[in-house]
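For the sequence shown, full-length UniProt numbering begins at 1 and goes up steadily by one.
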Amino acid sequence: LEGHFSGLEHGEHPIHIHIANDLSNGCRNTKGIFNPLSETMQCPGSPFMIGHLHTLVVGMNGRAKFQVNKLGQIMHPFNINGRAIVIHDKLKFGEAVTRDQANGMIIGYPGKMLSCAQINVKCRPSC
């Protein structure tokens, strides 16, 4: 899974796979984070939702590249094709947001939805 983004504020932004691909209403109709195993994000080191991806680090130029190399872990048996990817507002660390050093992920409320797109999985020639 790979994406290229521009026009975002510099910093770290939570990025998630959401359940639905309805991109209307400011991304709010994408429903919740894709979580077929009903995992919770209660504390550092705990299992994470399949749809909870690493944070998107945006450079000073407002651009970022996102890549998940472990596609098999989120593709089988749970298909993400046709779901939505959502970028949230820049993180503001504090009481509600902490970093899980073991997993390199953020725990806490992700903030306002800034942008979203439908996921279209394309198989490379090696498939």
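Backbone N, C-alpha and C define an ideal beta-carbon position, used for all residues, glycine too.
Predicted model only: the values in this text are computed from it and were never measured.
#### Entry: Cut-off 8 Å between Cβ atoms - residues of its own chain near K65, not counting five sequence neighbours on either side
Start at 1 with the first residue of the sequence shown, and residue 65 comes out as number 65. Closer than 8 Å at Cβ, skipping near neighbours: E2, G3, H4 and F5.
### Message
For R63, tell me which candidate among H13, Q118, L53 and A84 has the shortest Cα-Cα distance.
### Response
Within the sequence shown, the letter at position 63 stands for residue 63. When only C-alpha atoms are compared, the closest one is H13.
### Query
For I87, which residues of its own chain have a beta-carbon under 8 Å away from its beta-carbon, when the five flanking residues on both sides are left out?
Along the sequence shown, one-based indexing puts residue 87 at 87. Answer for I87: F5, L8, H13, P14, I15, L56, M113, L114, S115 and C116, listed in chain order.
### Message
Rounded to whole angstroms, what is the Cα-Cα separation between N25 and G111?
### Response
Within the sequence shown, the letter at position 25 stands for residue 25. Within the sequence shown, the letter at position 111 stands for residue 111. Taking the straight line joining both Cα atoms gives about 16 Å.
### Task
Name the one or two DSSP bridge partners that H18 has.
Start at 1 with the first residue of the sequence shown, and residue 18 comes out as number 18. Looking at the DSSP assignment, H18 forms a beta bridge with I33 and A84.
### Separation of T30 from N120, as counted between CA atoms
The residue you call residue 120 lines up with position 120 of the sequence shown. The residue you call residue 30 lines up with position 30 of the sequence shown. Going from the Cα of N120 to the Cα of T30 covers about 15 Å.
### Message
Suppose the cutoff is 7 Å on Cβ atoms and the five residues either side in sequence are ignored; what does the same chain contact list for residue 153 look like?
### Response
Since the first and last residues shown for the chain are 1 and 127, residue 153 lies out of range.
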